[in-house]
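Residue numbers (the UniProt record's numbering), protein chains in the order written: chain P, 1 to 324; chain B, 1 to 324; chain R, 1 to 324.
Notes for the one structure printed next.
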Amino acid sequence: MGDGSRRISGLATLQDAGPEQIAFVANLSYLKSLNNTRAGAVLLHPEHASECPVDHLELDNPYLGYAHLSRLFDPFLARPTGGIHPTAVVAEDARLGVGVEIGPQAVVESGVELGDEVVIGPGCVVGVNSRIGARSRLHPNVTVCHGVTIGERAILHSNCVIGGDGFGFAHDGKRWHKIAQLGGVVLGDDVEVGSCSSIDRGALDDTIIGNDVKIDSQVQIAHNVHIGDHSALAGCVGIAGSTRVGSNCMLGGGVGLAGHLTICDGVQVTGMSLVTNSIHEPGVYSSGTGAMQNAQWRKNAVRFKQLDDIARRLAKLEKRNQEG
Amino acid sequence: MGDGSRRISGLATLQDAGPEQIAFVANLSYLKSLNNTRAGAVLLHPEHASECPVDHLELDNPYLGYAHLSRLFDPFLARPTGGIHPTAVVAEDARLGVGVEIGPQAVVESGVELGDEVVIGPGCVVGVNSRIGARSRLHPNVTVCHGVTIGERAILHSNCVIGGDGFGFAHDGKRWHKIAQLGGVVLGDDVEVGSCSSIDRGALDDTIIGNDVKIDSQVQIAHNVHIGDHSALAGCVGIAGSTRVGSNCMLGGGVGLAGHLTICDGVQVTGMSLVTNSIHEPGVYSSGTGAMQNAQWRKNAVRFKQLDDIARRLAKLEKRNQEG
Amino acid sequence: MGDGSRRISGLATLQDAGPEQIAFVANLSYLKSLNNTRAGAVLLHPEHASECPVDHLELDNPYLGYAHLSRLFDPFLARPTGGIHPTAVVAEDARLGVGVEIGPQAVVESGVELGDEVVIGPGCVVGVNSRIGARSRLHPNVTVCHGVTIGERAILHSNCVIGGDGFGFAHDGKRWHKIAQLGGVVLGDDVEVGSCSSIDRGALDDTIIGNDVKIDSQVQIAHNVHIGDHSALAGCVGIAGSTRVGSNCMLGGGVGLAGHLTICDGVQVTGMSLVTNSIHEPGVYSSGTGAMQNAQWRKNAVRFKQLDDIARRLAKLEKRNQEG
């Protein structure tokens with residue numbers, strides 16, 4: 001609704017947007033800013049159209065509209081490809097698709113295969129025999145170890161590591177003996193991995209990350225983990241070895257999953273929860289307790305150590321009262 | 001008090017210091033080592049002067065005195081600047097202040113501005129249009145992405161990442177659609193960031209870290225977080241998107257803050273606490289329970305799942321007793 | 001037991017192994033796959049020999065046998081050394097043992113000493129005066145800061161950092177003053193450090209990691225921590241400053257140890273536990289509570305805040321019942 005000839009130069013929040021910017025209403029908590037917005041136009045759901053003082057575009061899912069629009073302003077998309085920088089070290093037998101860019105100081109080792117328009121950022125290392133699908137982008141200083149397979153349109157953020165060794169040792173009663181980690185890592189299409197995250201290679205079989213899996217920063221995924229398609233893992237998540245997470249799961253920040261578990265499709269785990277048993281029903285799961293004032297917390301936390309005793313004493317009292 | 005001509009070659013603890021070293025008493029738990037110290041001199045509070053068997057310097061805040069003194073022995077301060085290493089790749093249009101050092105294999109991209117005496121360590125990458133203030137130092141293999149602004153005297157430790165994408169996706173009911181992260185990161189003056197930490201760029205607006213904010217290793221700061229001046233974040237802290245932390249806050253190791261919260265000035269959160277609600281009163285906050293022997297813990301932890309039931313049964317019993 | 005002339009080309013799980021592969025039974029949960037295995041041979045304990053349909057090798061510790069065997073297939077062991085890559089920057093005064101390999105884009109600074117057959121991966125930086133023992137391997141993009149000592153046969157995975165500054169500041173009532181971190185880091189022999197982990201240098205004395213200590217990915221070890229021989233730390237562990245962990249300890253994923261603690265030999269801490277007091281008895285320790293369905297959790301978690309009140313009310317009721 002409005003002036004179709006208006007020119008737009010960018011995106012901004014409802015509060016900050018000026019007449020040359022588009023804003024959006026994706027969340028009811030922002031509705032209060034709608035009345036006063038100075039935005040050039042607003043993306044919103046039809047039910048809020050009547051409250052909008054400026055031009056607007058009605059969408060069933062305005063947040064999705066914002067996502068599509070945002071990518072028009074992505075500085076990486078507008079950029080011409082940089083080609084192979086003269087300081088990059090690229091093995092003679094590496095196979096490079098059309099329009100590949102390899103940044104300064106990057107290293108592409110023997111047997112590597114890079115699909116069309118792959119971008120390898122400055123300082124990245126891609127190890128022996130790894131394959132990266134078309135239009136994937138590695139931001140600076142990423143390490144992809146040997147024998148890793150990455151699908152198309154992956155985005156790997158800076159200083160993440162794909163394919164470091166899993167944590168496997170046998171103990172002889174006195175000391176540890178390393179188990180060579182002979183599996184690889186397979187990432188599907190449209191996977192994103194955040195800064196400084198690590199996905200370890202499998203012991204014998206591969207560690208497998210499905211299609212459209214989104215992984216935030218500071219995440220640790222141990223050897224032989226499987227993550228199903230479309231799942232999302234927030235920052236600081238840690239998943240121990242051989243655990244299988246289904247499709248369409250969402251793990252909140254700092255969640256920890258113990259090893260050798262099975263988490264079914266459609267499970268959501270809230271922030272900093274510890275999961276030590278498999279989950280067979282979709283739904284929302286939680287553990288822990290929220291912060292309170294330290295003085296109050298001290299009194300309650302000390303009682304946690306008496307909890308079994310409290311329960312037993314209560315049962316005894318109940319019995320006595322029933323008898324009485 | 002003592003011999004002003006004594007020559008000192010270094011700093012050490014009260015226990016280890018020899019006649020050519022200075023030690024300090026910053027904490028009552030070290031007092032017991034004072035009587036037997038062989039240190040050349042000791043920094044201490046006037047109230048402990050009488051217990052000191054060697055030369056000493058009385059200070060109101062001896063720990064602060066130690067901090068000042070320690071920096072005289074910092075090996076980086078004594079070093080002559082290395083200039084621009086011939087293997088560094090520096091864009092022609094980058095603007096470099098006086099006395100800038102750029103280490104081997106580093107990359108400084110187009111439009112970057114480096115203040116006087118900035119040091120860019122080996123293997124670092126500074127992305128397009130980023131600005132770094134005077135006397136800041138990047139240790140090896142740091143990544144500063146595009147469009148990041150860093151104040152003066154910052155210290156960024158190895159392999160940390162400033163300005164990776166925030167974790168933003170819209171869901172269409174079936175799959176994720178990336179929201180381009182168009183904001184930047186702004187770090188104030190005197191900020192320190194630990195090894196392997198990540199500070200993500202904002203979605204539309206910037207992620208903002210105030211002046212004199214100290215951030216330890218393995219920390220994750222999500223998009224659009226604000227941290228107020230003089231706050232300190234210990235190792236493994238994770239802060240979810242859009243949360244605002246006040247000034248003079250201290251977050252213990254492993255603390256997690258949920259997204260979209262407001263934490264007022266002067267809040268201290270103890271280690272590994274989970275904060276899911278805003279905090280409007282300064283003070284100390286905690287959650288969780290400390291470790292105990294596993295056998296004892298099992299008995300209590302299982303009761304946690306019965307806690308609501310226990311509370312209801314207790315209330316019923318109380319009522320019955322009052323009636324009886 | 002079986003055909004000693006059989007040729008084996010690799011290792012696989014009981015389920016996946018074909019006639020040219022060896023499998024193993026290290027864990028009772030895999031026993032059910034033994035009957036149907038198509039493996040060329042199986043490593044197993046004598047007590048399972050009768051259930052094995054194919055050739056087998058009886059071992060007291062078949063998992064240890066698997067570990068030894070796995071290393072025959074390690075792709076790094078078969079590889080010829082690469083020598084010093086022409087793009088590596090190696091200080092003139094660095095002392096290199098026999099058979100040292102330094103990868104492309106790596107930096108070895110002044111005063112560094114590398115033992116025989118050390119491998120420095122692509123993009124690694126080894127800082128001034130650090131020493132690395134014979135046969136140690138640094139995977140790509142590792143940072144070893146200045147003045148670090150690493151023993152023999154160390155394995156450092158990609159993007160980990162050894163010797164970043166510890167987190168030390170003095171407060172003057174208004175702002176922070178950095179304490180120069182003048183200690184180093186000493187790693188014993190046979191230490192492994194996972195991807196993106198960080199071990200900080202000491203304030204005055206060194207941070208010390210014993211022999212045969214195994215450290216997983218995303219781990220943070222703060223300044224002046226000591227870890228005893230043969231201890232193992234799983235992913236995402238965080239240890240605060242000056243804490244001493246004994247020998248033969250095992251810390252589960254995400255465990256947090258507060259600062260200035262002493263943990264005796266032979267302690268095992270289960271995943272995501274918080275340890276705030278020293279531990280003087282060997283054994284297994286735990287904290288926290290496991291995840292449950294969110295609706296159930298909400299009801300119980302809110303009661304945690306009433307726990308002290310519940311305990312007091314219970315005691316009162318008990319007293320009243322005894323009196324009555």
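Note that the Cβ used here is the ideal one computed from N, Cα and C, for glycine as well.
On a predicted model such as this, the values are computed, not experimentally measured, just so you know.
Beta-carbon neighbours of residue i, restricted to chain R and to distances below 7 Å
| i | result |
| --- | --- |
| R303 of chain P | L307, D308 and A311 |
| P104 of chain B | V89 and V107 |
When the options are compared against residue i, the one with the closest alpha-carbon
| i | options | result |
| --- | --- | --- |
| Q21 of chain P | P:A67, P:I162, P:S197 and P:G40 | P:G40 |
| A17 of chain B | R:D205, R:G256, R:V225 and R:I8 | R:D205 |
| Q218 of chain B | P:C196, P:S231 and P:L72 | P:C196 |
| G228 of chain P | P:N248, P:G241 and P:D3 | P:N248 |
| P282 of chain R | R:L34, R:I263 and R:S5 | R:I263 |
| I84 of chain B | B:D200, B:T13, B:C124 and B:G147 | B:C124 |
| G253 of chain B | B:C52, B:R6, B:S273 and B:G163 | B:S273 |
| V54 of chain R | R:D60, R:T37 and R:H48 | R:T37 |
| G115 of chain R | R:T276, R:A106, R:T149 and R:T143 | R:T149 |
| I155 of chain R | R:C145, R:G256, R:G133 and R:H146 | R:G133 |
| L14 of chain P | P:G4, P:R6, P:V25 and P:R7 | P:V25 |
| N211 of chain P | P:L59, P:V193 and P:F304 | P:V193 |
| P75 of chain B | R:G184, R:N141 and R:A88 | R:G184 |
| R298 of chain P | R:K305, R:K299, R:W297 and R:V144 | R:K305 |
| V275 of chain R | R:Q105, R:I310, R:T243 and R:G202 | R:T243 |
| F73 of chain B | B:K32, B:I8, B:G82 and B:N141 | B:I8 |
| H280 of chain B | B:S33, B:A232 and B:L261 | B:L261 |
| R79 of chain B | B:P19, B:Q105 and B:E117 | B:E117 |
| G173 of chain B | P:I162, P:A295 and P:D60 | P:D60 |
Chain P residues whose Cβ lies nearer than 8 Å to that of residue i
| i | result |
| --- | --- |
| H230 of chain R | K174, R175 and W176 |
| E323 of chain R | Those do not exist, as E323 of chain R stays about 13 Å from chain P at its closest Cβ, beyond 8 Å. |
Cβ distance (whole Å) where residue i is taken to contact residue j below 8 Å
| i | j | result |
| --- | --- | --- |
| I120 of chain R | G97 of chain R | Their Cβ separation, rounded to whole angstroms, is 12 Å, which puts I120 of chain R and G97 of chain R out of contact at 8 Å. |
| G288 of chain P | S158 of chain B | G288 of chain P to S158 of chain B, Cβ: 32 Å. No contact. |
| H230 of chain P | V213 of chain P | 7 Å |
| M292 of chain R | Y30 of chain P | Not a contact, Cβ separation roughly 33 Å. |
| L69 of chain P | L138 of chain P | Actually they do not touch by this definition, with Cβ atoms about 26 Å apart. |
| G147 of chain R | G188 of chain R | Between G188 of chain R and G147 of chain R the Cβ distance is about 17 Å, and since that is not below 8 Å, they are no contact. |
| G271 of chain R | V255 of chain R | 7 Å |
| M250 of chain R | A222 of chain R | M250 of chain R to A222 of chain R, Cβ: 19 Å. No contact. |
| I310 of chain P | I310 of chain B | 7 Å |
Bridge-paired residues (DSSP) for residue i
| i | result |
| --- | --- |
| H56 of chain R | R:V42 |
| M250 of chain R | R:A232 and R:Q268 |
| D84 of chain B | What sits at residue 84 of chain B in the sequence shown is Ile, not Asp. Partner(s): B:I102. |
| S198 of chain R | R:V161 and R:Q220 |
| I227 of chain B | B:I209 and B:V245 |
| E113 of chain B | B:R95 and B:R131 |
| T262 of chain B | B:R244 |
| W176 of chain P | P:H171 |
Under 7 Å by beta carbon: chain P residues contacting residue i
| i | result |
| --- | --- |
| P75 of chain R | H146 |
Proximal chain B residues relative to residue i, where beta-carbon distance stays under 8 Å
| i | result |
| --- | --- |
| S287 of chain R | G288, T289, G290, A291, M292 and W297 |
| Q181 of chain P | By Cβ distance, chain B contributes nothing, its closest Cβ being about 21 Å from Q181 of chain P, past 8 Å. |
Contact set between residue i and chain B, taken where Cβ atoms lie within less than 7 Å
| i | result |
| --- | --- |
| L64 of chain P | A170, D172 and H177 |
| D165 of chain R | H157 |
Beta-carbon neighbours of residue i, restricted to chain B and to distances below 9 Å
| i | result |
| --- | --- |
| A94 of chain R | Ordered by position in chain B, no residue passes the 9 Å Cβ test against A94 of chain R, which lies about 13 Å from the chain. |
Contacts that residue i makes with chain P (C-beta to C-beta distance below 9 Å)
| i | result |
| --- | --- |
| H317 of chain B | One detail in the question is off: residue 317 of chain B reads as Leu in this sequence, not His. Near L317 of chain B (Cβ distances below 9 Å), the residues of chain P are L314, L317, E318 and N321. |
| Q218 of chain B | C196, Q218 and C236 |
| T243 of chain B | Near T243 of chain B there are no residues of chain P at all, since even the closest Cβ is about 11 Å away, more than 9 Å. |
Listed by chain order, chain R residues near residue i by CB distance under 9 Å
| i | result |
| --- | --- |
| A39 of chain B | Neighbours of A39 of chain B on chain R: none; closest Cβ ~12 Å, over 9 Å. |
Partners in chain R for residue i, counting only beta-carbon separations shorter than 8 Å
| i | result |
| --- | --- |
| H56 of chain B | Neighbours of H56 of chain B on chain R: none; closest Cβ ~18 Å, over 8 Å. |
Residues within the segment 268–285 of chain P neighbouring chain D, beta-carbon criterion of under 7 Å
Among the protein chains in the structure shown, which are P, B and R, there is no chain D.
Would the segment 55–74 of chain R and the segment 170–178 of chain P be scored as touching if the rule is three or more Cβ pairs under 8 Å?
yes
State whether the segment 164–175 of chain P contacts the segment 118–136 of chain P, with contact taken as three or more CB pairs (one from each stretch) at a distance under 8 Å.
In this structure the segment 164–175 of chain P does not lie against the segment 118–136 of chain P, because fewer than three pairs of beta carbons, one per stretch, are closer than 8 Å.
I want to know whether the segment 36–50 of chain R touches the segment 236–255 of chain P - three or more CB-CB distances under 8 Å.
no
Counting Cβ pairs, one atom from each stretch, are 3 or more of them under 8 Å apart for the segment 107–118 of chain P and the segment 81–94 of chain P?
yes
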